[in-house]
Each structure stands twice: as C-alpha cells, then as structure tokens.
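Notes for the one structure printed next.
Numbering (this note's numbering), first residue to last: 200 to 523.
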C-alpha cells in the first residue's frame, strides 16, 4: 500500500530539510515500486520561496485529508512566521484528527507545537531552537539531545503518531526509521547504503551543537554556569545550584529548564563532557586524571556520559584514537 505524503512548506523553508527526506523516500520507491508518493503543499500556492531564494511549485493545503497517510512539516528560518499562519494552524489541527501520521523536520517541530499537536507529548528540535521551544511551549516534553523522537499514537485520546527530528541531516535519520517501521530493517539499511549514510547514528545532537549554548550571556544563569565550569570537581547538586541562585530547588529547576532547554543535571553533565573532550583532544595523557578533573569521579562514569552524549568513548577523542 502506498504511503501518501504531504510535505508542508512555508516561505523561508530550508531546502535541505525537504531534499533529505524526499531522497530517502525516492530511494525506497525505486526499491519498492509504489511504496511512497508525495506532494508539496502550502497555505499560499502556487509557489513558495525557500531561504535560499529558490521558488518551489506547491499545491494548496488539501481540503480532503482522507488520502493522506503522512503529513511532514519542513523547518527553516521562516518557521516563526509560519507559527502565526492561522490557515496553516487550522489545517494541521484537522490533519491531526484525520488518522494521518504527523512528522516534522528540524525546527518544523515548532509549527507542530504552535498548532497544539505536541502538548503533553515528547518531541525534539534543532539544538539552536531548544531554548525558544522550551520557553514558548512548556507543555511539550522536549528532549533536546535526541536525533529524532517517535511518539506513538494514543487512540483513546485520538492523538496521532508523531515523529520529530533534530536538524537537517537528522531528517534523514527520521525518514530511515520511518522506512524501517513501514517496510522492515533490510530496506532501510539498503536505502542508507544508497545514500551513503549511517542507518543508526550514534549519540545525540550534543555531538554537533556547541554544548555551551546553555551559557547565553544575557541569560540569568550564565554566571552560575561559568562558576560550574571553573570548578567541575564539585558535585553541583541541584540544591546547591539553587541556593547560589537564591531560589528554591523546584523553582530553580523549572526556570533553568525553561531558559536552557536542559535540566540542571543535564547541563552539568554536558559541561563536564565538553571539558573532558577538549582535554582529551588537547593531548591529555591520563584518562583517569581527566575524569577526576572534570568531576566524573572515575573513568567508567565518564565513559557512559561520553557514549550517551557523543556516541563514542573517551579514547576515541585522544590524538590517534589511542585507547586508555
């Protein structure tokens, strides 16, 4: 059975956010004739200009939704204006009730959140938008380090299956996972081979983002994070951080997550991983010494943190990748 896709674009969308997913489904269709079909739709046809300045021909938002199986919102610089597009918001709400799966690429998840489709559900977005997302849509359970997130359908509440991805290339990861879900792991691996990408990418998007986007200079927690970074050997429990910020632990944790997109514990771990990574790449001789200096306490805890955030063990970041 053909999966009928509507790629939703808006003025200022990112072309790669569209081209990557489209390439996955194109390769799948070559391997499995009739497996996928798609069209580009927007609230202002007949053409929409991308952030690169290229105008793409599009159809209007379909009135009949029964012939759509997947609605995928593309991201890009124009996402903020798209969040205020009342026509698009109404259509997405209708689409979510039609039985179609819903997905977004990169910052397109903000459009889904603006339409109310992610409330009380788990999602991710591009790391550069995490703080904005957490502030504007606190009802969403944001997981800022995930490459992509699949939120299963909740039939009793009439909530659709929703997939969100972290960035441009993460859209390919998401679509390969969709392909595996629809047609099995073998076809997904073959598509990845044709595209010369990894079927399953290790680690989260922290390996690509500057982790210390957390330290926005004008943010209220910038000074506190600088203090943490200068003395990573300390435990930096949430109670201690809250006291230094003159806040209750609960209020501190809530405000910290809203501003940074991470919990205090996640932020401290990221700061430690970034410092340890820099030390190892700089030629530090002893992995044990790095683990102690950066507050991990032992090499095993550091190894687990590296695998969780970077997808590779500490030894991989030493010059030549020499094991400890």
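Where is the CB? At the ideal position from N, CA and C, for every residue including glycine. Predicted model, so just to flag it, every value in this text is computed and none were measured.
Could you name the residues that DSSP lists as bridge partners for residue i?
{"i": "residue 371", "result": "Residue 371 pairs with nothing; no bridge assigned."}
{"i": "residue 353", "result": "358"}
{"i": "residue 513", "result": "Answer is none; residue 513 lacks a bridge partner."}
{"i": "residue 254", "result": "248"}
{"i": "residue 321", "result": "340"}
Do the CB positions of residue i and residue j come within less than 8 Å of each other?
{"i": "residue 203", "j": "residue 268", "result": "yes"}
{"i": "residue 482", "j": "residue 512", "result": "no"}
{"i": "residue 458", "j": "residue 516", "result": "no"}
{"i": "residue 364", "j": "residue 304", "result": "yes"}
{"i": "residue 369", "j": "residue 360", "result": "no"}
{"i": "residue 348", "j": "residue 342", "result": "yes"}
{"i": "residue 428", "j": "residue 492", "result": "no"}
{"i": "residue 333", "j": "residue 460", "result": "yes"}
{"i": "residue 471", "j": "residue 494", "result": "yes"}
{"i": "residue 275", "j": "residue 216", "result": "yes"}
{"i": "residue 177", "j": "residue 371", "result": "Because the chain is modelled from 200 through 523, residue 177 falls outside the range shown and cannot be assessed."}
By the 10 Å Cβ neighbour count, where 16 or more other Cβ atoms means buried, how is residue i classified, buried or exposed?
{"i": "residue 430", "result": "exposed"}
{"i": "residue 397", "result": "exposed"}
{"i": "residue 504", "result": "buried"}
{"i": "residue 485", "result": "exposed"}
{"i": "residue 445", "result": "exposed"}
{"i": "residue 410", "result": "Model confidence at residue 410 stands at a pLDDT of 47, short of 50, so the residue's coordinates are unreliable; what they give is reported in the following sentence. Under this definition residue 410 is a buried residue."}
{"i": "residue 473", "result": "buried"}
{"i": "residue 422", "result": "exposed"}
{"i": "residue 465", "result": "buried"}
Whose C-beta lies closer than 7 Å to the C-beta of residue i among residues of the same chain, with five residues either side of it excluded?
{"i": "residue 391", "result": "375, 397 and 398"}
{"i": "residue 426", "result": "none"}
{"i": "residue 264", "result": "293, 294, 297 and 299"}
{"i": "residue 214", "result": "249, 251 and 253"}
{"i": "residue 438", "result": "448"}
{"i": "residue 367", "result": "213, 215, 216, 219 and 305"}
Give me, in chain order, the residues of the same chain whose beta-carbon lies closer than 6 Å to that of residue i; leave out the 5 immediate sequence neighbours on both sides.
{"i": "residue 539", "result": "Outside the modelled stretch of the chain, which goes from 200 to 523, sits residue 539, for which no answer is possible."}
{"i": "residue 308", "result": "322, 324 and 363"}
Helix, strand or coil: which one does DSSP assign to residue i?
{"i": "residue 236", "result": "strand"}
{"i": "residue 398", "result": "coil"}
{"i": "residue 210", "result": "coil"}
{"i": "residue 204", "result": "strand"}
{"i": "residue 502", "result": "helix"}
{"i": "residue 303", "result": "strand"}
{"i": "residue 269", "result": "strand"}
{"i": "residue 242", "result": "coil"}
{"i": "residue 462", "result": "coil"}
{"i": "residue 484", "result": "coil"}
{"i": "residue 259", "result": "strand"}
{"i": "residue 275", "result": "strand"}
{"i": "residue 297", "result": "coil"}
Ignore the nearest five residues each way along the sequence and tell me which others in residue i's own chain have a CB closer than 8 Å to its CB.
{"i": "residue 500", "result": "490"}
{"i": "residue 279", "result": "309"}
{"i": "residue 451", "result": "437, 440, 441, 444 and 463"}
Would a check of beta-carbon distances place residue i closer than 8 Å to chain D?
{"i": "residue 354", "result": "Protein chain content of the structure displayed is limited to a single chain, and chain D is not contained in it."}
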